[in-house]
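Residue numbers in the sequence shown follow this note's numbering, run continuously in steps of one, and reach 298 at the last position.
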Amino acid sequence: MPAIPAIAALVLAAATSAAAAQVPPPTGVEPDRPVIAPITAPVPTSESTPESTNLPRPDELPPGDPPPPEPELLPLRALALDPHTADEARIRLDAHLDAHADSAWAQLLYAMSYHVQGRYGSARPHFERAIRLEPRLSATYHFYGYCLYYLGEAERARAAFEMHLHFLPREGNSHFGIGLIDLDEDHIDDAERRFRLAIEYQAGNRRRIKDVAAAHARLSDVDVRRGHLDDALDELDTAVALYPDLYGAHLKRYQVLVRLGRDEDADHAYDAYEAALARVRPELSTGGAAPSAGAARP
Numbered sequence: 001m002p003a004i005p006a007i008a009a010l011v012l013a014a015a016t017s018a019a020a021a022q023v024p025p026p027t028g029v030e031p032d033r034p035v036i037a038p039i040t041a042p043v044p045t046s047e048s049t050p051e052s053t054n055l056p057r058p059d060e061l062p063p064g065d066p067p068p069p070e071p072e073l074l075p076l077r078a079l080a081l082d083p084h085t086a087d088e089a090r091i092r093l094d095a096h097l098d099a100h101a102d103s104a105w106a107q108l109l110y111a112m113s114y115h116v117q118g119r120y121g122s123a124r125p126h127f128e129r130a131i132r133l134e135p136r137l138s139a140t141y142h143f144y145g146y147c148l149y150y151l152g153e154a155e156r157a158r159a160a161f162e163m164h165l166h167f168l169p170r171e172g173n174s175h176f177g178i179g180l181i182d183l184d185e186d187h188i189d190d191a192e193r194r195f196r197l198a199i200e201y202q203a204g205n206r207r208r209i210k211d212v213a214a215a216h217a218r219l220s221d222v223d224v225r226r227g228h229l230d231d232a233l234d235e236l237d238t239a240v241a242l243y244p245d246l247y248g249a250h251l252k253r254y255q256v257l258v259r260l261g262r263d264e265d266a267d268h269a270y271d272a273y274e275a276a277l278a279r280v281r282p283e284l285s286t287g288g289a290a291p292s293a294g295a296a297r298p
């Protein structure tokens, strides 16, 4: 399997380190930085109109590895992956593209600069240009898949994830992405298989602990769909033990405990949710007590 070149490795590592999707929080509370957190409906956007790009088939790929990125792009990668400096990165990438109009690497970074800001409609055409310019650039398919998922194009997102897995069959976060689609479509056996692969392929990587925890949290959704609340609680216990800041898992744990009639434990779980939310997103924390068992749940 060809090695991932420098920028792709950095892009993949930086984005997937934040990729663990949160369980949906209460109304008005956003999940952690949403690189790949799931949605269940198309997101309207008034941003740029996507270009038409058919994904290549594996047998259509040119032989060999993609060319390395232009050296001038190396200082721009960190700028492009930070939502606070992404605007500056695009200004500098515009200048680079004036001189290197056929740079797939520049298009990938341009796409990621929008992606990390949650501007998926604007990111999409740049992912598509990167694919057309260099279809062997494997990381593009991974993030294009999540971009499409956010835009509500589930089957096209699935195809992009599958294409990424052609290059990297053990990339857990692409299996996770397909699992989200399967879960949305109520293919719960398929979703379970994908989430278990996401755990298996990332369990030994300390930098992917959050992603492993997120996969356990999503397995709890599978268990809830099946009515197996005790199994769901086991998965959520594992998730929060692995990554205590996964505040959405704490919230889901609270909801499961309420359904099990364990009100005192549910109160403690809600306190843990509030504490994690205050650590990760203090601007969203209400500091409130858990609703009573008879009250409307978040």
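Virtual Cβ for every residue (Gly too), placed ideally from N, Cα, C.
Quick caveat, the model's predicted, so the values are computed rather than measured.
For the alpha helix (DSSP H) containing residue i, name the first residue and the last one.
i, result
"Ala286", "Here the sequence assigns Thr to residue 286, which means Ala is not the residue at that position. Premise fails: Thr286 is in no alpha helix (DSSP H) and is neither H nor E."
"Tyr201", "188–202"
"Ala78", "77–80"
"Asn173", "172–184"
"Thr140", "138–150"
"Ala101", "Element bounds for Ala101: n/a, residue is neither H nor E."
"Leu74", "Looking at the DSSP string, Leu74 is not in any alpha helix (DSSP H), and its letter there is neither H nor E."
"Leu277", "263–280"
"His164", "154–167"
Using C-beta distances below 6 angstroms, list every residue in its chain close to residue i, excluding the 5 sequence neighbours before and after it, in chain order.
i, result
"Ala157", "Gly145, Leu148, Tyr149"
"Leu97", "Ala106"
"Arg129", "Gln107"
"Ser113", "Ala80, Ala86, Ala89, Arg90"
"Leu219", "Phe195, Glu235"
"Asp190", "Asp182"
"Ala123", "Ala111, Tyr114, His115, Cys147"
"Leu260", "Leu229"
"Tyr141", "Ala160, Met163, His164"
"Glu192", "Val222"
"Pro42", "Here the model assigns Pro42 a pLDDT of 38, short of 50, so the residue's position is not dependable, and the following value carries that caveat. The residues are Gly152."
"Ala266", "Tyr254, Leu257, Val258"
Excluding the 5 residues flanking residue i on each side, which residues of the same chain have their C-beta closer than 7 angstroms to its C-beta?
i, result
"Ala213", "Ala20, Ala239, Leu242, Tyr243, Leu246, Ala249"
"Tyr273", "Tyr247, His250, Leu251, Tyr254"
"Ile178", "Arg158, Phe161, Arg194"
"Leu61", "Pro135, Arg136"
"Arg170", "Tyr201"
"Arg279", "Asp245"
"His100", "Glu70, Ala106"
Beta carbon of residue i: closer than 8 angstroms to some heavy atom of the ligand GTP?
i, result
"Tyr247", "For the structure depicted, the ligand GTP is absent and the ligand set is empty, with no information on it obtainable."
Between residue i and residue j, which are expected to be in contact by the criterion C-beta below 8 angstroms, what is the C-beta distance as a whole number of angstroms?
i, j, result
"Arg208", "Leu236", "Arg208 to Leu236, Cβ: 19 angstroms. No contact."
"Asp102", "Leu133", "6 angstroms"
"His166", "Pro58", "5 angstroms"
"Pro66", "Leu137", "5 angstroms"
"Leu197", "Gly172", "7 angstroms"
"Leu277", "Val256", "No, Leu277 and Val256 are not in contact; Cβ-Cβ is about 18 angstroms, not under 8 angstroms."
"Tyr201", "His164", "Incorrect: roughly 13 angstroms between the Cβ atoms, too far for contact."
Suppose the cutoff is 8 angstroms on Cβ atoms and the five residues either side in sequence are ignored; what does the same chain contact list for residue i look like?
i, result
"Arg226", "Ile188"
Secondary structure, alpha helix (DSSP H): runs of 4+ residues fully inside the segment 107–136 = 120–133
query = What are the uninterrupted segments assigned as alpha helix (DSSP H) that are 4 or more residues long and contained completely in the segment 213–261, given in chain order?
reply = 229–242, 247–259
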